[in-house]
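Below is one structure; the comments refer to it alone.
Residue numbers (this note's numbering), protein chains in the order written: chain A, 1 to 151; chain B, 1 to 1246.
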């Protein structure tokens, strides 16, 4: 029964993430890639994403704080960030990245800083959510249930 | 000028020669007679010309001659005038001088006379008075004074002496007074050196008897002569008497003459004393006793010195004067020394010729020479003006002076110089001046003549040259005209012959065995003959135009149709070259006024020429024909261009009125429009643009000339004789327009753009035409121009002002932003345009954009699905937004009114209408649910236009794509239009028609005009504005029209009598099957056994790709950047080549090597991220391709890009990549591409 609850919780959380626009169908694609051969695929990819993004955020921050700001470098980082976020379906992060890039291309530092904060916020929000999600998933697996089935 | 003409003529001649050669080539026998005719004609003309030429030459020579003569005359006249002028001046001068000389000589004569008479008078007065005085004194002495006998000395002493002294002192000019008695007594007073002296003979020796008796000699000697000084006042002797020599006067002749004379006597003598002065002695006998026997003689001596002094004081003007005796002995003279010698009684006078004054001497000599008898001078005056003395001219005048028995000659010598000298000098000066003047005149006149002559000469030459030039021009013109006329005349013969040839070829063609060599030859002959006919026609056109014999054949025609026909014709030709030929009607203004009156054939000819040129010179790219209405006139425009403002105003003031009237009083429309259209003209502007090599700017003008081609080389590379553009220009001019080459928008752009405008009358579409079905079939598109406007606008309820504004804005903004009559925008109609050919795509896009909400372009088949995805996303976003504001419409209402008028619901959401409810089984479960929900949020009508040449793989896949895209429920609101080329295999078309593929319409490229209308109908169908009925009518009408125009397209959907509902069902079933198949495919490991290398820097993406591919069964290797990828690939190739020989020996296919784990494998596919650090995807691909070249191998590389843009895609292809996928990697497109790769491989293996 606990598994069912957990699964319910899991589904709710996923649905919430969809509804709030945190995720898009790309995530669905991601989920589809997860099968018996790689049961922890989503988690793996997302942890990759979060690690990568942390580095990127750090890079972005240092680039922005250095005077004069190297917008080309910043743009490259953002491109990377956007690519990764869109490939995992982190829609809100991706959207902020798009705005961020627009500011970057216009070379507006204030906007960039604002976006940086925003993107950080989104990133941590998502990260927290997923940490919860993975927590639940681990619990489900420990309890002997499966995750993919409810999708 | 001549040169120009010559060149043109040569060109013409060359042209004709070309033509002749060509003609001979085709049919010598046919044309030999024509040839001869032509030659004869030309010869005849040339003869005529030479004749007229000769006449003209003669004329010009005559003219030259007359000009010469007139010039010569004027010169002679000039010379004469000058001579006469000079002669007149000299004559006048001469006469004036003569006259002056004459007057001067008169004056001088008078002067000389005066001088002479003056001298004479003085001389006379002095000497005559003395003579008189002598006589009177003698009388006095004889009568009263002396009482005593005079013979005694005492008497003399006492009585005679005082008397004599009285006489001496009182009588003027008397220098000497003396008495000489017969008896030898002598008393005298005289002046010597201012002393008065008495000279007397003493009586001592006096003896009266002796005196009486006798011998006078003895008598005389008896007297002693004494000289004694005397007082000047009293006459009394002073001092001692000094004895002196005797003066034996008694024996002299003049003494005796004086004694005997009664009235006194005069003679010459010398003064006593030292002075020895020459004296004029006046003698008078003293008859004291008896008158018969005078006792003695009284003498008064007047010195000639007085006379000399007198004459010296005369103003003789530099001349001289002298007095001489008649014998020529000098008495007195001016200037020079004057000496007299001898005794008192016998003075020795100097001859005048020996005078000390050379002038006097000269004059005397002259007189002697001049006069034979010198004594003539004693009787008359004499004048000689030609005396030359000492080298100078003198005038010599003489006059006799008669004095008491003696005659003197007075001579005045005056130098001519002093009289005429001045005048002569003046005269000479005048003469010199005159001569100088004359010389000047002569010089000036000469110069004048010279100038005149030269000017005349030049003028003459000029006029001669002008005449020659005129002659040459006329000749050339005539020649040209005659040639043109000859050409025009020949046209009939030539064409008839050619037509005969063509006909014969056709005849032969029927009889010939199919597929034989003869047939081929005949076909070639036919095409050759046709080419020749075209060539001939163009030459004849030129000559016709030049001969001004070309008439425009005015008929009503549809301009759009003409344009379409022309473009269709060339698109086929261009297709072979890979060039697009596109018709762009820009703002569709041409469609509004499509029925016009004009020469359609000529218009076609213009367009054909331009288009064929464009196609000929364009090797890649496109040729666009644009057409639009520039302006509409009320009356025929007199001048084209530059005056539009007036017409505009006219338009504005009148046109709204019509509309107003028409909309108000619709019944009057027909009559009204008839009146109006009677004088309505429309100006069309056309543009033919190509992307060929272009025309250099300096040739822009010359290309329009006949026989001109851009450079010599092109004429060898391309056929044609350079007449095309010349004809085009002539025709355009004939139709009242103008043609020019305009610059392309961007300076670097290749190609040429011809722009020309033409004027046409707006045709009155007859009532029959407008009433018959065809017109209705054309809907609103083909109608009489103005009335159409009126109708359309009144229908759409535009008020006049609004309309005006629209017109204005459309005209001011030009063609770039057409508003001519913008059709209603169809909301929610999305178009996905997947076709080849940049230009036609752009035009189609533009056209669609004006009508549909959004047009998405697909440049490459790979982009097709992503584009659809994008569209979906967009629509999704819209629907989400819409769902926030509105609520769902109840399904029932939608069912009852499926073709809801979307215009009335603008801004509303269309939520999910229609489809879901139409499908009875209600697809909407499982995984599709969420998607469907989203897509259903907005009503989306999709029009897919797919080029059949673009699609990769079988066309059936589109149904899979579409079903995948929409979900099954949405199918019916999608229409698919297939575009086919002329060379599309008919099998494929059959396939499409058969219905194995979703297909609503098949259009043949180029897409324009009526085909666009078909598309438009589809769009309207989609948006649901049209009723089914209408579309059916449309269908039935469109088909015949299009079939007649070479069956360019067919509408498949209308071939089926079923309603669209049935269609939907069919299609849905089909698509659901496909989806199931897809699922099956998915279950299989499609990529089983494939080795795939993924080069991706983004760890997340890398992992993702890896997962995706692994799931599909592939063996995946990942690298971080391009460099690593290159390294791995090259290593692999290297190791593989090592073992290659084994493969070859075992004849194993290298492609299957991947299945064998023992063999080193080569990647089957490379997935390459484009943007990577260290080495990006493009560079890596280039390196790999280089590497591969060495081994003769090709690994398919798929690019992964974040920018799903066509540009990026092109860049990928350029870099050497084979395919291109947008990030993030998804399965379907990947599978698609893999499928393609596999197909290629199979093809290779086969």
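Beta carbons are placed, not taken as given, at the ideal position from N, Cα and C, and that holds for glycine. Bear in mind that the values here come from a model prediction, so they are computed numbers and not experimental data.
- Residues are counted here when their Cβ sits less than 7 Å from a Cβ of chain B; for the segment 62 to 90 of chain A these are 79, 80, 83, 84, 86, 87 and 88, given in chain order.
- Chain-ordered, the chain A residues with CB closer than 7 Å to the CB of residue 1100 of chain B read 45, 48, 49, 52, 84, 87 and 88.
- Beta bridge pairing from DSSP links residue 489 of chain B with no other residue.
- Burial state of residue 366 of chain B is buried, judged by a 10 Å Cβ sphere holding 16 or more other Cβ atoms.
- When the five nearest sequence neighbours on each side are left out, the beta carbons in the same chain lying within less than 6 Å of the beta carbon of residue 228 of chain B are those of 198, 237 and 241, in order along the chain.
- Per DSSP, reduced to three states, the secondary structure at residue 348 of chain B is strand.
- Within its own chain, the residues whose Cβ lies closer than 8 Å to the Cβ of residue 404 of chain B, once the five positions on either side in sequence are excluded, are 127, 128, 131, 263, 264, 265, 266 and 282, listed in chain order.
- In the three-state scheme derived from DSSP, where H, G and I count as helix and E and B as strand, residue 536 of chain B is classed as helix.
- In the three-state scheme derived from DSSP, where H, G and I count as helix and E and B as strand, residue 261 of chain B is classed as coil.
- At a Cβ-Cβ threshold of 8 Å, residue 1229 of chain B and residue 865 of chain B count as neighbours.
- In the DSSP assignment, residue 228 of chain B falls within the unbroken beta strand (DSSP E) covering 224 to 230.
- Within chain B, the residues placing a beta-carbon under 7 Å from that of residue 33 of chain A are 1107, 1108 and 1111, ordered along the chain.
- Taking 8 Å as the CB threshold, residue 1103 of chain B lines the interface with chain A.
- For residue 29 of chain A, the neighbours in chain B by C-beta distance under 7 Å run, in chain order, 1226.
- For residue 16 of chain A, no Cβ of chain B is located within less than 8 Å of the residue's own Cβ.
- With respect to residue 88 of chain A, residue 26 of chain A sits close: the two C-beta atoms are nearer than 8 Å.
- Chain-order list of chain B residues neighbouring residue 41 of chain A: 1107, by C-beta distance under 7 Å.
- Pairing residue 471 of chain B with residue 478 of chain B, the inter-Cα distance amounts to about 10 Å.
- At least 8 Å separates the beta-carbon of residue 756 of chain B from that of residue 682 of chain B.
- Beta-bridge pairing by DSSP links residue 622 of chain B to B:580.
- By the neighbour-count criterion, in which 16 or more other beta carbons inside 10 Å mark a residue as buried, residue 408 of chain B falls on the buried side.
- With its beta carbon at least 8 Å from every one in chain A, residue 744 of chain B lies outside the interface.
- Excluding sequence positions up to five before and after residue 361 of chain B, its CB lies within less than 6 Å of the CB of 353 and 355, all in the same chain and listed in chain order.
- Excluding the 5 residues flanking it on each side, residue 1194 of chain B has same chain C-beta neighbours closer than 7 Å at 1188, in chain order.
- Nearest CB-CB separation between residue 1123 of chain B and chain A: not below the 8 Å threshold.
- Secondary structure at residue 252 of chain B: coil, using DSSP grouped into helix, strand and coil.
- Cβ contact annotation for residue 401 of chain B (same chain, cutoff 6 Å, sequence separation greater than five): 120, 123, 408 and 410, in chain order.
- Close CB contacts of residue 168 of chain B within its chain, under the 7 Å cut and outside five residues either way in sequence, are with 174, 177 and 189 (chain order).
- For residue 101 of chain A against residue 78 of chain A, the beta-carbon gap comes to about 5 Å, under 8 Å, which counts as contact.
- For residue 833 of chain B, the closest C-alpha among the options B:839, B:855 and B:840 is that of B:855.
- Residue burial annotation: residue 851 of chain B is buried, with at least 16 other C-beta atoms found within 10 angstroms of its C-beta.
- Here the alpha carbon of residue 836 of chain B sits roughly 30 Å from the alpha carbon of residue 1186 of chain B.
- Judged by DSSP in its simplified three-state form, residue 1087 of chain B adopts coil rather than helix or strand.
- Put simply, the CB of residue 1223 of chain B is near chain A, with a gap under 8 Å to one of its CB atoms.
- The residue among A:58, A:8, A:142 and A:31 with its C-alpha nearest the C-alpha of residue 45 of chain A is A:31.
- With distances taken between CA atoms, residue 83 of chain B lies nearest to B:442 out of B:442, B:299 and B:1218.
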